[in-house]
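Down below is the structure, laid out as structure tokens.
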Amino acid sequence: MSTIQLQEKLHGYGQWRDELIRATERYTHWMDSLDIASEGSQEAIRRVMDTLVNERLMVAFVAEFSRGKTELINALFFADTGLRLLPSLPGRTTMCPTEIFHDPSQGSYIRLLPIESRLSDMTLNEYKQNPYKWLHIDLDHNFPLQMQEAFQELAAVKKVSQADAVKLGLFNPDVPMQGSTGLLDAVEIPCWRHALISFPHTLLKEGLAILDTPGLNALGTEPELTLRMLPSAQAIIFLLAADTGVTNSDLEIWNHYVRGPSLTGKNRLAVAMNKIDTLWDDDLQGEEVVDRSIRSQVKAISNALGVDESLIFPVSAKKGLMAKVRRDDILLAKSGLRGIEDYLTNTVICNRQHILREVVVASMGQLVNESVNHLVIEIGEANRHLQEMRQIDTSNHDMTRRLMEETKKDQMDYLASVEIFQSCHRAFVQQLVHLGKVLSAANIDPIVRNARRQMLSSLTTPGMKKAMKGVLQSLRSAMDQSMVRADEAENLIQVIYGRFEDEYKFADLNKPQVFSLEDYQIELERIFEEGEEFRQSTYTTLMEQSTAVHRLYSTVIAEARDLFAKAHQNTNEWGSNALTPLAHRIKDRKLMIDNRLGVLRKVTGSNETLEAEIAELEKRLVMLNKKLYEIQEILQIVTAAVPSA
Numbered sequence: 001m002s003t004i005q006l007q008e009k010l011h012g013y014g015q016w017r018d019e020l021i022r023a024t025e026r027y028t029h030w031m032d033s034l035d036i037a038s039e040g041s042q043e044a045i046r047r048v049m050d051t052l053v054n055e056r057l058m059v060a061f062v063a064e065f066s067r068g069k070t071e072l073i074n075a076l077f078f079a080d081t082g083l084r085l086l087p088s089l090p091g092r093t094t095m096c097p098t099e100i101f102h103d104p105s106q107g108s109y110i111r112l113l114p115i116e117s118r119l120s121d122m123t124l125n126e127y128k129q130n131p132y133k134w135l136h137i138d139l140d141h142n143f144p145l146q147m148q149e150a151f152q153e154l155a156a157v158k159k160v161s162q163a164d165a166v167k168l169g170l171f172n173p174d175v176p177m178q179g180s181t182g183l184l185d186a187v188e189i190p191c192w193r194h195a196l197i198s199f200p201h202t203l204l205k206e207g208l209a210i211l212d213t214p215g216l217n218a219l220g221t222e223p224e225l226t227l228r229m230l231p232s233a234q235a236i237i238f239l240l241a242a243d244t245g246v247t248n249s250d251l252e253i254w255n256h257y258v259r260g261p262s263l264t265g266k267n268r269l270a271v272a273m274n275k276i277d278t279l280w281d282d283d284l285q286g287e288e289v290v291d292r293s294i295r296s297q298v299k300a301i302s303n304a305l306g307v308d309e310s311l312i313f314p315v316s317a318k319k320g321l322m323a324k325v326r327r328d329d330i331l332l333a334k335s336g337l338r339g340i341e342d343y344l345t346n347t348v349i350c351n352r353q354h355i356l357r358e359v360v361v362a363s364m365g366q367l368v369n370e371s372v373n374h375l376v377i378e379i380g381e382a383n384r385h386l387q388e389m390r391q392i393d394t395s396n397h398d399m400t401r402r403l404m405e406e407t408k409k410d411q412m413d414y415l416a417s418v419e420i421f422q423s424c425h426r427a428f429v430q431q432l433v434h435l436g437k438v439l440s441a442a443n444i445d446p447i448v449r450n451a452r453r454q455m456l457s458s459l460t461t462p463g464m465k466k467a468m469k470g471v472l473q474s475l476r477s478a479m480d481q482s483m484v485r486a487d488e489a490e491n492l493i494q495v496i497y498g499r500f501e502d503e504y505k506f507a508d509l510n511k512p513q514v515f516s517l518e519d520y521q522i523e524l525e526r527i528f529e530e531g532e533e534f535r536q537s538t539y540t541t542l543m544e545q546s547t548a549v550h551r552l553y554s555t556v557i558a559e560a561r562d563l564f565a566k567a568h569q570n571t572n573e574w575g576s577n578a579l580t581p582l583a584h585r586i587k588d589r590k591l592m593i594d595n596r597l598g599v600l601r602k603v604t605g606s607n608e609t610l611e612a613e614i615a616e617l618e619k620r621l622v623m624l625n626k627k628l629y630e631i632q633e634i635l636q637i638v639t640a641a642v643p644s645a
């Protein structure tokens, strides 16, 4: 595989995603044409569209300093510029976490968040919503040299006093040589806390996004990287150096920041053993000995990190970049870049495609399936009504009277079913209100505000830990309560549907998916566990003054709050749609009864009127069958298996 194959695969992925977007838009128009859209279904479709339209395939690169991480990014993605686009020379490499993507609405730019923003309680995510807090530099994507010069800002550092570095959570005077500049009371720190880069590179336009993380310093001081950004990446490439092997600091990053419960499985983690060219330079060893040495190192890395050997790629980013720029296919093959490109092309993109399909099917598949079911039943009822009408003898008053009496009896049954439905709906809404109160911002925000207030008032790490323990207990309790309420609401739904199936013979009801908040409970525990893992890491322990711990706990609380907000939104969406299949069936029954009564009243003694009604119903059946064909097409697109590579 090569960059061209990666581009083609990304393009195919984008086309597949665009087809889902078009199917979602078609479904919206389809519902509007039949006037059957509910508030809950509209909200579900809006969420699906937002996911599809804003989807990016994020690949994160993580390593300690001097492992050649940024050079690998240049070699994999930006060699077509003919330059070392991102700063990756020794002593001049990226010093702050950097996200690279294409933002078509804002054009080409680099935005830099000053390091002093660490003094604020605002999270990185909140800063991203406020572009005025960033230094903005326009880029001319037609001139790579101008971009290369602008990107040198990523390597910018400055000297500050030890006191200022301590306030920023970037220095501990008890750790020798940390950030030392050789000057008394001077510490060297990055100028920027975070960088956002947008430009219309071919791969970026196809939806690729890259996260470049600059070593243990950034990972140890920016909990949002570990708790939010890395878990949201579709793949993480962890770099080691062939000339150093797995060092203690490598293991520190791997164990505390990379290998977490949210990242294991589905081949989301891969390892690049970079700088294999250092082994080529030994003239005393033949090529066979070098290859054997590389294989031995791969095995050792596999044992040390617990990663399958097939996910460890020996590479030379430096030689790979040189080979691409010089169009040297022999050197490119030797550099090993194609192994990682193949992994990105055939594993990462395919995995992401399957995950996105699951999201779409879970969110929209149920709605579309219900629409198909709704229309099939309506067509069936219309056909039965048509058969009845064709058998009516307008001169036979006994027949029309008997049909009228049967229809009025059906009308009484319908009215009784409406009364029961309304009673059940009230009970269900009451359950949802109780559940919503537990998950709502009105319940969670006071817990969060109280925790932050306690942490701000505490100047010691033990004091903050105590405050944090209290907020975790409160949030766990809220989640436990919501789990109980959710189970009660789900059980009530099962009882309601069962009653209508038994008493009113509502067959083939498309019941809503079983509702549970268990996944949110698991995710909440993951956030707490990874936050604690982060706190216990060697680097964070060394830096464990109030600033660093406060930032960590603030991030954990913000993540937990966002999780409750998502659970609340999901609950509202489920609640809005849970009784929709039943409501549709009752509405269909009413329309059928009203139509039948209307026809019987009109046709008594008049063949001409009967024939006109039959013609009108036949015309409607043609329209309904056309709509059925259309919605079945949409369902097929939404639920289709992901195309094979």
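Sequence positions in the sequence shown follow the UniProt record's numbering and run 1 to 645.
From the three backbone atoms N, C-alpha and C, an ideal C-beta is built for every residue, glycine too.
Of the residues the options, the one placed nearest residue i, counting alpha carbons only
i, options, result
"L135", "M147, Q148, R111, L154", "R111"
"V429", "M399, A272, E490, V360", "E490"
"G97", "E153, V53, N130", "Here the sequence assigns Pro to residue 97, which means Gly is not the residue at that position. For the residues E153, V53, N130, the minimum Cα distance to P97 belongs to E153."
"E341", "A560, V271, V368", "V271"
"N579", "L524, V514, Y629", "Asn is not the amino acid found at residue 579; the sequence shown has Leu there. If we check each option's Cα against that of L579, V514 comes out closest."
"G336", "N274, Q297, P446", "N274"
"P190", "K158, R384, L600, I631", "K158"
"V483", "D138, L435, Q454, A304", "The question names Val, yet the displayed sequence has Met at residue 483. For the residues D138, L435, Q454, A304, the minimum Cα distance to M483 belongs to L435."
"L582", "S371, L208, I137, L344", "S371"
"I210", "F78, D329, R259", "F78"
"A560", "G245, R56, Q521", "Q521"
"P512", "H385, I493, I236, G380", "I493"
"E618", "I36, R326, I355, M389", "M389"
"A451", "L610, A233, K465", "K465"
CA-to-CA distance, residue j to residue i, given in whole angstroms
i, j, result
"V290", "A333", "16 Å"
"residue 708", "L439", "Limits of the chain in this structure are 1 at one end and 645 at the other, which puts residue 708 out of reach."
"E544", "I349", "For E544, the pLDDT reaches just 48, beneath the cut-off of 50, and the residue's location in the model is therefore unreliable, although a value from the coordinates is still provided. Taking the straight line from one Cα to the other gives about 39 Å."
"R84", "R92", "12 Å"
"L20", "D212", "30 Å"
"S198", "A567", "32 Å"
"D185", "P173", "10 Å"
"F506", "F500", "6 Å"
"K587", "Q431", "24 Å"
"R268", "A615", "60 Å"
"P231", "N351", "15 Å"
"A60", "L509", "45 Å"
"V48", "D18", "12 Å"
"E573", "S41", "8 Å"
"T555", "F421", "45 Å"
"L552", "G531", "7 Å"
"M592", "H397", "22 Å"
"D50", "K437", "26 Å"
"L113", "K133", "7 Å"
"V418", "E633", "33 Å"
"A195", "D562", "23 Å"
"M177", "V160", "In this prediction, M177 scores a pLDDT of 49, lower than 50, which makes its location untrustworthy; no coordinate-derived value is stated."
"R118", "G169", "8 Å"
"V361", "W16", "14 Å"
"E55", "G207", "7 Å"
"T81", "S88", "15 Å"
Residue burial classification, residue i (beta-carbon count within 10 angstroms, cutoff 16)
i, result
"W280", "exposed"
"A163", "exposed"
"Q387", "exposed"
"T3", "buried"
"L86", "buried"
"T247", "exposed"
"Y13", "buried"
"A242", "buried"
"H354", "exposed"
Min CB distance residue i to chain D below 7 Å
i, result
"S33", "This model lacks chain D altogether; it includes just one protein chain."
Does the region 394 to 414 come close enough to the region 460 to 477 that 3 or more CB-CB pairs lie under 8 Å?
no
If contact is defined by three or more beta carbon pairs under 8 Å, each pair taking one atom from either stretch, is the region 474 to 484 in contact with the region 440 to 455?
yes
Can you find at least 3 beta carbon pairs, one from the region 20 to 33 and one from the region 626 to 639, that sit closer than 8 Å?
yes
Count Cβ pairs between the region 63 to 77 and the region 399 to 409 that sit closer than 8 Å; are there 3 or more?
no
Are at least three pairs of beta-carbons, each pair with one atom in the region 164 to 171 and one in the region 98 to 107, less than 8 Å apart?
no
Three or more C-beta pairs below 8 Å linking the region 298 to 313 and the region 322 to 329:
no
Given 8 Å, three or more beta-carbon pairs between the region 462 to 471 and the region 374 to 388:
no
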